[in-house]
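Undergrad:
Protein chains: 2
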Amino acid sequence: MARDPLVVFTPSGRRGHFPIGTPVVEAARRLGVDIDSVCGGRGLCGRCQIRPSVGEFAKHGIVSRAENLSPLNDVERRYDAKRGLGPGQRLSCQTQVLGDLVVDVPPDSQVHKQLVRKRAEVRDIELDPAIRLHYVEVDPPDMHTPSGDLERLLKALKAQWGLDSLDCDLRVLQTLQPVLRAGNWKVTVAIHRAQVLITVWPGFHDAAYGVAVDVGSTTIAAHLCNLSSGAVVASAGTMNPQIRFGEDLMSRVSYVMMNPGGEVQLTAAVREAIDALLREVAADAGIDKNDILNVVFVGNPIMHHLLLGISPVELGGAPFALAVNSGLTFWASEIGLSELNRGARVYTLPCIAGHVGADTAGVILSESPHLGTDITLIVDVGTNAEIVLGNKDRLLACSSPTGPAFEGAQISCGQRAAPGAIERVRIDPETLEPRFKVIGCELWSNEAGFDEAIRHIGVTGICGSGIIEVLAEMFLTGILLGDGTIDGAMAARSPRIQADGRTFSYLLHAGTPEIRILQTDVRAIQLAKAALYAGARLLMDRLGIDTVDRIVLAGAFGSHIDVKYAMILGMIPDCDLARVFSAGNAAGTGARIALLNQRARDEIAEIVRRVEKIETAVEPRFQEHFVEAMNIPHKSAPYPHLAAAVPLPAARAHTREDTSDTPGGGRRRRRRRETT
Amino acid sequence: MARDPLVVFTPSGRRGHFPIGTPVVEAARRLGVDIDSVCGGRGLCGRCQIRPSVGEFAKHGIVSRAENLSPLNDVERRYDAKRGLGPGQRLSCQTQVLGDLVVDVPPDSQVHKQLVRKRAEVRDIELDPAIRLHYVEVDPPDMHTPSGDLERLLKALKAQWGLDSLDCDLRVLQTLQPVLRAGNWKVTVAIHRAQVLITVWPGFHDAAYGVAVDVGSTTIAAHLCNLSSGAVVASAGTMNPQIRFGEDLMSRVSYVMMNPGGEVQLTAAVREAIDALLREVAADAGIDKNDILNVVFVGNPIMHHLLLGISPVELGGAPFALAVNSGLTFWASEIGLSELNRGARVYTLPCIAGHVGADTAGVILSESPHLGTDITLIVDVGTNAEIVLGNKDRLLACSSPTGPAFEGAQISCGQRAAPGAIERVRIDPETLEPRFKVIGCELWSNEAGFDEAIRHIGVTGICGSGIIEVLAEMFLTGILLGDGTIDGAMAARSPRIQADGRTFSYLLHAGTPEIRILQTDVRAIQLAKAALYAGARLLMDRLGIDTVDRIVLAGAFGSHIDVKYAMILGMIPDCDLARVFSAGNAAGTGARIALLNQRARDEIAEIVRRVEKIETAVEPRFQEHFVEAMNIPHKSAPYPHLAAAVPLPAARAHTREDTSDTPGGGRRRRRRRETT
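Protein chains in written order, with the numbering used here: chain H, 338 to 1013; chain L, 338 to 1013.
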């Protein structure tokens, strides 16, 4: 054959001619084909496996034969015996081109693997961790040309990996000499962002892990990820022990205000819990904690500041100033995380504003509103709702003070989402009789065997999603009027509507405890939903739009509620229901993205810089929107998509004079009669 | 006047026309005149003082009148009352150009002040510390455009000081919010190398200190410097407490070898001593330890490694591999220095080779052999002698194993340089009677009142410089032959030459204790001086030269000995005696230079990279030179400069058979008769 063999790599399609004897990995490298390696072509790591495709490839005008690849050699046989080659796979560093070839690079052999996410509507994660391992062979010291062990290691990293101008932690130097000698001048190093040498192991070492941590005010969740594969290898959650200093965020800030220096206790508590959680995920996955090299945190601003050892008192009052909003990188030991590799780095996502934290930054990374043309509305509901709106051109964010009603607080029979809590409700439009489901039981309350099934659980209260559904159903069946009044006139149709002083209530469950929806419960949810809607509406005003293309409900609450009911109540603006999604723990996913893809850190920094931050407290229109949004679903905003999907009741006038149940914190004022 | 006023700055001579009303500091800035400021033109720091020169300046064609400068304003009056303006001086930030002016910028007002050193032959230090203070006024938080306190601080630093892309320590963030508020949004920050914000004080703060520390194996010396003026404001020294683990370096390394983990004890000991020393210098100067922001260390490789928490065992045997040779920068807290500002940084000078440490790098910075064309030989004598040779074209370095004889060890009556030690000796060439001086007394031993003067001191032994002088004098008077034998034939001329078994001794002092120079003492010094000479000669060979232009004796020993006597003994090669200098603690001076001038750190990094490192242990010629150099002053090297200055005795043959006192560690071999 006169010409050099042609090598075609799939799936990239890159192709080139190479002399007989060229190692396949070398051909790949020269063509810029993405093939992974930790050992640098020494047949140790097995990351560079390829699969020759045998057959006639008319498209390329070649025949790719098995014998066009050099036969299995000793290194491959050793690797196969020890760690196992994939079926039909070869180590590209050990195989040579002997003739025309079509070579497939399986996804696992690519440096920048795509990690496919469960939800189809979100982008995949490209694996590109901030910390990478490199096996390297170092020159032993030579008295004729004296140089430090570090300097020879850096020289080898430059020559063998092209890594230049690296810094090195002092703590690495403290063990470098024995490690180099234990590895007989062969070591594996971990490099942070191609800039700093953070740890070193003797010999070949192929284990690097990171943890994505979502520090919530109630729970802390940690996901241990393999930095080579991107796989989540263990997950665990724990209660945030700061709860003993205050149930909600503001009470913890109050604790610090009342007890100067109290932030030290809150900081210590959360750090200890995280340390324990890191121990737990490492133990669950059966990995060495010393192989954990990176931890990424998201959390709301108060959680973020307390984790970092910054007092949150400034976040407790206007002007709600953050100490810092940028993403930060530092040693894990700087925040007292002692269970990891000594060189392990922490990265905290940036905060956006005083009430819009690193958790929201995580949500943005996860949901990527900034990548498309669709106008996306993201709401993350907690004690505050964080709201993000926009697309690739503009992005706005605000926080709205919804209060804890959506979490079941301020509701007479409310409780956290836990076994025994009513989470689903339907009301028969004719009989006005309810049926419901409780957490921990698959049956509806009117199904056979329900009583038996819940005997050990009980019906203990109603959680956030349950309260949303029961109110929406009450509205759909006419029990609840558009202005939020439980219609006393309906008492004639069902004994479940009962007078309760000057107002009425709806009896959802007659057991012990009795689960009853009071007028005050409706008012609490009205206040919360009006705040949420008003925040979203404020951002829509800024963007000059009346409808959004897509809605994402983030957070635990968002993943439990039926989006239809949320829309019936008017929590969110009208939207095609098929384009309203629950994102689950999107903040935690954002942390995982930042853990697995270093460029996501630069990306979110850039996004956060250009996000337009709206402070609802200083926006006069917020109050107007808030008042307008008290109605169910809304006093004046149309809901055409919703109306097409759900037969909404005709607007009816509320005819009773009523002064006792006015929303607005007990201020007595005469309510206008509803006429629309 | 049609033209704008002309302003001429002295001493720079920079000149330009500026509109009436231009602040003088602004005119200076536009012309690139070097004027200091911490407060950024707010009349707080007083660093920008200038002195108008009144009179006719024919050279510039102008008349500089007092009234051509705006009159003293309130800010200046306030400053003058509080801190005092210099005589005839004004704050250039408060004065405006009203007409033609000649303005002098006094040295104290220049950023890059020249610090004149005591020794005329060395270059001055240009003040340019790695850490600088900047007073800055920060925007308070604004709910309409939320941003973190740090981000607003960084914005202000960019706008007011042109500092861009700064990093910030997490530890700064932990106090940033209360500090900004305590300072009412006016703070002073310390910036390390124009890159990292390392600390912040409320309001205007004008105190920044650094410490240069020389960690010797025997003593640790610290110099506290004002980073604004460059002045040394306090100095202190302490014994290195590692001495309890071993008197000399090798015994400390042995301790670590025999006691695995023993380096932890040695590291803790030296760090504690340094911490105490830092406390001491701060107390002496009456400054707040929190104002100490930078510490620079020099030390030999073993001291360097132990300070950093690196085991020195690799330095205890071939191939003498350093863990690291580069200069390092890290937090003071990383090496347990807890007495300083939390953000304080440490810089350690680079090491050159396994036996040539950061102390030698400091000596090079201080003595600057790399700046001139003269071939300079630098020797720093301790247990090892570090030797540097070269000029701007080439620089070579090696270490030579002199052993501790020069420090008084291995000498029968030897002792450290301390009160009571004989440090100067003269021997009458006729009578062979000695006279001497002891440390702590100004009188010679033959002067009236000597006995009375030393009554409380005593004559306790002989130190390094004393042993050099007595041997040189013995050689000049013929008591000592060129081969190092005490000439028994001289016993006939003086009772001080006495038989001592098969060899002879010289009685220097008949008191209690008796100070006597034994043949073994001569041999010990011969071995040491031969090693020193051989090292220097090896470097001269490499450079292809036979003479050097300049010799610098560094270190405590070098500053105590009379260079003439060192040359008579042949410790150093021949050189014009007028060009042989004692540099004192040049290593410590180098540390001070690196403390006060950040570019010196880059400069020494570059020098150390290109220094040719010679390992005497693997150089076959070293042994040859060593043997040749046993003779006094040298078997074959001519000493024309020395001979012109000092009448050297004619070479005489040693005629006795002698096997007991052969140099070379007790190996018995038959010595050739000297015939030259």
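Cβ atoms here follow ideal geometry from the backbone N, Cα and C, with glycine treated the same way.
As the structure is a computational prediction, the values presented were derived from the model and not from experiment.
What is the DSSP secondary structure of Arg1008 of chain L, reduced to helix, strand or coil?
TA: Here the model assigns Arg1008 of chain L a pLDDT of 35, short of 50, so the residue's position is not dependable, and the following value carries that caveat. DSSP places Arg1008 of chain L in coil when its eight states are reduced to three.
Undergrad: Here's the rule I'm using: 16 or more other beta-carbon atoms within 10 Å means buried, otherwise exposed. How should Pro977 of chain H be labelled?
TA: Counting Cβ neighbours within 10 Å, Pro977 of chain H comes out exposed, since fewer than 16 surround it.
Undergrad: Could you tell me the distance, in whole angstroms, from the CA atom of Leu643 of chain H to the CA atom of Asp551 of chain H?
TA: So the two alpha carbons sit approximately 13 Å from each other.
Undergrad: List, in order along the chain, the chain L residues whose C-beta lies closer than 7 Å to that of Leu507 of chain H?
TA: What Leu507 of chain H touches in chain L: Leu645, Leu665, Phe667 and Glu671.
Undergrad: When the Cα of Pro478 of chain L is compared with those of L:Ala669, L:Leu517, L:Val607 and L:Leu343, which residue comes out closest?
TA: Here the closest residue by C-alpha is L:Leu517.
Undergrad: Would Lys950 of chain L count as contacting chain H if we go by Cβ distances under 8 Å?
TA: So yes, Lys950 of chain L belongs to the interface.
Undergrad: Would Ser648 of chain L pass as an interface residue toward chain H - the criterion being a Cβ-Cβ separation below 8 Å?
TA: So yes, Ser648 of chain L belongs to the interface.
Undergrad: Tell me the DSSP secondary structure of Trp668 of chain L in three-state form.
TA: Trp668 of chain L: strand per DSSP, three-state reduction.
Undergrad: If the cut-off is 9 Å on Cβ atoms, which residues from the segment 467 to 480 of chain H count as contacting chain L, listed in chain order?
TA: Cβ contacts with chain L: Pro477, Pro478, Asp479 and Met480.
Undergrad: Assign His707 of chain L to buried or exposed, taking buried as 16 or more other Cβ atoms, counted over all protein chains shown, within 10 Å of its Cβ.
TA: By the 10 Å Cβ count, His707 of chain L comes out buried.
Undergrad: Label Val475 of chain H either buried or exposed according to how many other C-beta atoms from any shown protein chain fall within 10 Å of its C-beta, with 16 as the threshold for buried.
TA: Per the 10 Å Cβ criterion, buried.
Undergrad: Between which two residues does the alpha helix (DSSP H) holding Met576 of chain H run?
TA: Here Met576 of chain H belongs to no alpha helix (DSSP H); instead the beta strand (DSSP E) covers Val569 to Met576.
Undergrad: Counting beta carbon pairs with one atom in the segment 886 to 903 of chain H and one in the segment 922 to 933 of chain H, are three or more of them shorter than 8 Å?
TA: Because the criterion of three Cβ pairs below 8 Å is met, the segment 922 to 933 of chain H and the segment 886 to 903 of chain H touch.
Undergrad: Could you say if the segment 380 to 396 of chain L and the segment 420 to 435 of chain L meet the contact criterion of at least three C-beta pairs nearer than 8 Å?
TA: Segments in contact, yes.
Undergrad: Can you tell me whether Glu810 of chain H is helix, strand or coil according to DSSP?
TA: Of the three classes helix, strand and coil, the one that applies to Glu810 of chain H here is helix, per DSSP.
Undergrad: Assuming Ile834 of chain H and Ile799 of chain H make a contact with CB atoms under 8 Å, what is their CB distance in whole Å?
TA: Incorrect: roughly 17 Å between the Cβ atoms, too far for contact.
Undergrad: Using beta carbons (cut-off 8 Å, strictly below), is Leu732 of chain L in contact with chain H?
TA: Answer no: the Cβ-Cβ gap between Leu732 of chain L and chain H never drops below 8 Å.
Undergrad: Look at Ile1029 of chain H and Ile882 of chain H and say whether their C-beta atoms are less than 8 Å apart.
TA: No answer is possible for residue 1029 of chain H: it lies beyond the span of chain H, which begins at 338 and ends at 1013.
Undergrad: In chain L, what lies closer than 9 Å to Phe634 of chain H by C-beta?
TA: Result: empty, since nearest Cβ-Cβ is about 13 Å, beyond 9 Å.
Undergrad: Tell me, which residues are paired with Tyr684 of chain L by DSSP?
TA: DSSP output for Tyr684 of chain L lists L:Val633 and L:Thr666 as bridge partner(s).
Undergrad: How about Asp486 of chain H: is its C-beta nearer than 8 Å to some C-beta of chain L?
TA: Yes, its Cβ sits closer than 8 Å to a Cβ of chain L.
Undergrad: Under the three-state reduction of DSSP, which class applies to Asp717 of chain L: helix, strand or coil?
TA: Note: Asp717 of chain L maps to strand in three-state DSSP.
Undergrad: Could you work out which residues of chain L lie near Val955 of chain H, taking near to mean beta carbons separated by less than 7 Å?
TA: What Val955 of chain H touches in chain L: Met480 and His481.
Undergrad: So, are the CB atoms of Leu490 of chain H and His471 of chain H less than 8 Å apart?
TA: Taking 8 Å as the Cβ cut-off, Leu490 of chain H and His471 of chain H do not qualify as a contacting pair.
Undergrad: Which residues in chain L sit within 9 Å of Phe657 of chain H, going by Cβ to Cβ distance?
TA: Within 9 Å Cβ-Cβ: Pro478, Met480 and Pro483.
Undergrad: So with Cβ pairs under 8 Å, would you call Val537 of chain H a contact of chain L?
TA: For Val537 of chain H, the answer is no, since every Cβ of chain L falls outside 8 Å of its Cβ.
Undergrad: Got a sec: is the Cβ-Cβ distance from Ala690 of chain L to anything in chain H below 8 Å?
TA: Closer than 8 Å to some Cβ of chain H, the Cβ of Ala690 of chain L qualifies, so yes.
Undergrad: Can you list the residues of chain L that Asn662 of chain H reaches, using a CB-CB cut of under 7 Å?
TA: Chain L residues near Asn662 of chain H: Ser484, Gly485 and Glu488.
Undergrad: Looking only at its chain, what residues have a beta carbon closer than 6 Å to the beta carbon of Val278 of chain L, apart from the 5 residues adjacent to it on each side?
TA: In the structure as shown, chain L starts at 338 and stops at 1013, and residue 278 of chain L therefore has no counterpart that could be examined.
Undergrad: I'd like the span of the beta strand (DSSP E) that includes Ser737 of chain H, first residue to last.
TA: Where Ser737 of chain H is concerned, the enclosing beta strand (DSSP E) stretches over Leu732 to Ser737.
Undergrad: Using a Cβ-Cβ cut-off of less than 7 Å, give me the residues of the segment 506 to 530 of chain H that come near chain L, in sequence order.
TA: Hits within the stretch, in order: Leu507, Leu510, Gln511, Leu513 and Gln514.
Undergrad: Using the Cα positions of Asp461 of chain H and Gln451 of chain H, report the straight-line distance between them to the nearest angstrom.
TA: If I take the Cα positions, the gap works out to 6 Å.
Undergrad: Are the Cβ atoms of Leu733 of chain L and Val945 of chain L separated by less than 8 Å?
TA: No, these two residues do not count as a Cβ contact at 8 Å.
Undergrad: Straight-line CA distance for Ser703 of chain H to Val459 of chain H?
TA: Between Ser703 of chain H and Val459 of chain H, the C-alpha separation is close to 7 Å.
Undergrad: Please return the same chain residues whose Cβ sits closer than 7 Å to the Cβ of Ile794 of chain H, not counting the five positions on each side in sequence.
TA: Here the set comprises Pro756, Gly757, Val775, Gly777 and Cys778.
Undergrad: Is the beta carbon of Gly680 of chain L sitting closer than 8 Å to the one on Ile535 of chain L?
TA: Contact: yes.
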